[in-house]
Structure formats: C-alpha cells, structure tokens
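First up is the structure itself, then whatever we jot down about it.
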Amino acid sequence: RFADFALCAVDELVNQAAKARYMFGGQSKVPLVVREPMGMWRSSAAQHSQSLESWYCHIPGLVVVCPSTPNDNMGLLKSALCCDDPVVYMEHKNLWALEGEVDDCSSIPLGVARTAREGKDLTIVSWSSTCHEAMLAAVALDGEGIDAEVIDLRTLWPWDKTAVLNSVEKTGRLLVAHEAVQVAGFGAEIVATVVERAFSSLRAPIRRLGAPRVPIPYAPPLEDLLRVTSETIGSAARELMGQEHDRV
Numbered sequence: 041r042f043a044d045f046a047l048c049a050v051d052e053l054v055n056q057a058a059k060a061r062y063m064f065g066g067q068s069k070v071p072l073v074v075r076e077p078m079g080m081w082r083s084s085a086a087q088h089s090q091s092l093e094s095w096y097c098h099i100p101g102l103v104v105v106c107p108s109t110p111n112d113n114m115g116l117l118k119s120a121l122c123c124d125d126p127v128v129y130m131e132h133k134n135l136w137a138l139e140g141e142v143d144d145c146s147s148i149p150l151g152v153a154r155t156a157r158e159g160k161d162l163t164i165v166s167w168s169s170t171c172h173e174a175m176l177a178a179v180a181l182d183g184e185g186i187d188a189e190v191i192d193l194r195t196l197w198p199w200d201k202t203a204v205l206n207s208v209e210k211t212g213r214l215l216v217a218h219e220a221v222q223v224a225g226f227g228a229e230i231v232a233t234v235v236e237r238a239f240s241s242l243r244a245p246i247r248r249l250g251a252p253r254v255p256i257p258y259a260p261p262l263e264d265l266l267r268v269t270s271e272t273i274g275s276a277a278r279e280l281m282g283q284e285h286d287r288v
C-alpha cells in the first residue's frame, strides 16, 4: 500500500534483481514489475508519504515509471509487463480515483514523454500527480497571456531527453516541478542535462520546485505547506517570465 514499505525489501530489488543481467553477462532476464504507491496522501505522515523515485533512478538496471493519467497507466503497465528488466512502477495514491478514457489495445513505449499541453513561452516538466497541478497552472497562466508547454515525462528512467530539449529550445525557459524532496530530486538531473546540452537556448535561469528536505507532517495544514501546487507553479512561472539572462 505504501512505497515506503518497499525499503524493507530494497536489497533484493537493488542488489539482486537490478544487477542480475549484468552479473550473468546478459544471459539472465528479470521480467519483474514492482508496483509502489507513492506520494502524500492526506495525513499519512512521515513514514507513508514519501516520493522515492529519484532513489531508484540512481540504480543501474532498474526502469522507473511514474504515470499521471488512466490511459498512461494502462499503456505503460502493458509495456512494463513485457520488459525484460525489473520495473519500479510508481503510482501516486491521489490518482487512484482519477477517471478518464483508456485505450485497451495500445501499449505506451517506456522512455517516451507526453506533451500534455503545447506552448511557446516556457516549458514546465513534471510527472505523476504534479503534472495535473502543472496543467492547472498552465490554464491560469494562459488567461494572463503566458503560453506554457507542459511535458509529462511518464518514465523517469529512461527519460525522454529529446522531448525536453526540443521544448526548451523552443521556449527558452524551463521550470521543473515534482512532489519529491527538491534536494537531489530527479529535477536536478533534468536541469543538469539542459544546462549541458541547451544552455545557449535559455533566456532565463532555470527554476526547480520540490518539497523541502523535512519529514512529511501528519497535520494537514503543515502537510499542505510542503506541497507543490498549481499556485506555486504559477508563481514560479510568472517570475521566470520576468527574468532574462545577463549575457556577457
């Protein structure tokens, strides 16, 4: 029920399943899917609310999936079940009740992002439940004349570098938003890649949004202070639109 509990079995996943193909010279396959419900759920507190996707992205041999829609959940799960490597399939608990159209026949390739909304002024990259907050922010920003593009990564490892780089080259501004702790979160990997490969396309400093590095509280008012919401995404986007790089 909680991804946090998977840490009790992390040795088998990280040191055995993830490394088997390498240690047996490619002769071994580990077609394993581990479903892990993640994220803040009302008053689930410090031991039942974590988003640990970046942990798994550090481990060679693991595939990491974070769907945000019912259709993606179905399509990505089909691909995960056909994968010869272990897949950590992370479902946000707040998305379980989400309804939407599902294409029963189609699988969705792992490692391919989805452009949830096209835009020309800035790029917002997100995944899982925070992608919905990004979409709400984009709608609000559109009413102010700011045209935001929203990229839903869907798969964190492998992740779709091409989709993100192409979007940043078009918009010149990047905001990465996720629910996980900002420090050493996967957003930092995205930022580093964009700086290394598309720095000349940036018109303003990159922004990251994530939770502070503190345990998640039980009290709802304190829990809400940690959340990345459409309001915080919108505020960061407005600041980005008002910034320009100082060119030397």
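Take the sequence shown: its letters are residues 41 to 288, numbered as in our numbering. Beta carbons are placed, not taken as given, at the ideal position from N, Cα and C, and that holds for glycine.
Opposite residue i in the DSSP bridges: which residues?
{"i": "E189", "result": "T163"}
{"i": "A251", "result": "V221"}
{"i": "L214", "result": "T163"}
{"i": "E93", "result": "Paired residue(s): none; E93 is not in a bridge."}
{"i": "M130", "result": "E76"}
Is it right to say residue i is buried, meaning 16 or more other beta carbons lie within 10 angstroms of its own, or is it exposed?
{"i": "W136", "result": "exposed"}
{"i": "Y62", "result": "exposed"}
{"i": "D192", "result": "buried"}
{"i": "N55", "result": "exposed"}
{"i": "P71", "result": "exposed"}
{"i": "G66", "result": "exposed"}
{"i": "R247", "result": "buried"}
{"i": "A46", "result": "buried"}
{"i": "G183", "result": "exposed"}
{"i": "D200", "result": "buried"}
{"i": "V103", "result": "buried"}
{"i": "S166", "result": "buried"}
{"i": "R4", "result": "For residue 4 there is no data in the structure shown, the boundaries of the chain being 41 and 288."}
{"i": "E279", "result": "exposed"}
{"i": "S207", "result": "buried"}
{"i": "D259", "result": "One point to set straight first is that residue 259 is Ala, not Asp, in the sequence displayed. With fewer than 16 other Cβ atoms within 10 Å, it is exposed."}
{"i": "G159", "result": "buried"}
{"i": "V50", "result": "exposed"}
{"i": "S83", "result": "exposed"}
{"i": "G225", "result": "buried"}
Please report the distance separating the alpha-carbon of residue i from that of residue j.
{"i": "E263", "j": "V223", "result": "18 Å"}
{"i": "C48", "j": "I186", "result": "45 Å"}
{"i": "S270", "j": "V127", "result": "30 Å"}
{"i": "M130", "j": "P107", "result": "7 Å"}
{"i": "A58", "j": "P110", "result": "27 Å"}
{"i": "V92", "j": "L116", "result": "For the sequence presented, residue 92 should be read as Leu rather than Val. Distance between the alpha carbons of L92 and L116 is about 19 Å."}
{"i": "R253", "j": "K118", "result": "34 Å"}
{"i": "T195", "j": "L162", "result": "21 Å"}
{"i": "A85", "j": "N134", "result": "15 Å"}
{"i": "A156", "j": "V234", "result": "20 Å"}
{"i": "S89", "j": "A220", "result": "10 Å"}
{"i": "G227", "j": "V105", "result": "15 Å"}
{"i": "A277", "j": "L215", "result": "7 Å"}
{"i": "E229", "j": "P198", "result": "12 Å"}
Tell me where the alpha helix (DSSP H) around residue i begins and ends.
{"i": "G227", "result": "226 to 238"}
{"i": "M63", "result": "60 to 63"}
{"i": "V38", "result": "No information on residue 38 is available, as it lies outside the stretch 41 to 288 that the chain covers here."}
{"i": "E263", "result": "260 to 266"}
{"i": "E279", "result": "270 to 281"}
{"i": "D112", "result": "110 to 121"}
Does chain D have any CB closer than 8 Å to the CB of residue i?
{"i": "V50", "result": "Considering every chain present, this structure includes no chain D. It has just one protein chain."}
Using alpha carbons as the reference points, say which of the options lies closest to residue i.
{"i": "S275", "options": "A177, K210, L150, Q67", "result": "A177"}
{"i": "H218", "options": "R267, A238, A57, I148", "result": "R267"}
{"i": "H172", "options": "W197, D161, H132, A203", "result": "H132"}
{"i": "E141", "options": "N134, N113, S119", "result": "N113"}
{"i": "P77", "options": "L249, A60, S168", "result": "S168"}
{"i": "S146", "options": "E189, C122, G159", "result": "C122"}
{"i": "R237", "options": "G212, P257, V221", "result": "G212"}
{"i": "G79", "options": "G282, T272, A277, P255", "result": "P255"}
{"i": "E189", "options": "M175, W197, Y258, P198", "result": "M175"}
{"i": "F42", "options": "L53, R82, E52, Q87", "result": "Q87"}
{"i": "A17", "options": "E229, V179, C97, T170", "result": "There is no way to answer for residue 17, as the model of the chain reaches only from 41 to 288."}
{"i": "Y96", "options": "P245, D44, V152", "result": "D44"}
{"i": "P261", "options": "W81, L242, K210", "result": "W81"}
{"i": "L249", "options": "T272, P149, V204, P257", "result": "T272"}
Which residues bound the beta strand (DSSP E) around residue i?
{"i": "L321", "result": "No information on residue 321 is available, as it lies outside the stretch 41 to 288 that the chain covers here."}
{"i": "R82", "result": "Taken as a continuous stretch (DSSP letters only), R82 belongs to no beta strand (DSSP E), as it is neither H nor E."}
{"i": "L196", "result": "195 to 197"}
{"i": "A156", "result": "154 to 157"}
Taking 7 Å as the cut-off, does the CB of residue i come closer than this to any heavy atom belonging to the ligand HEM?
{"i": "T163", "result": "Of the ligands one can find in the structure shown there are none, so the ligand HEM has no counterpart to examine."}
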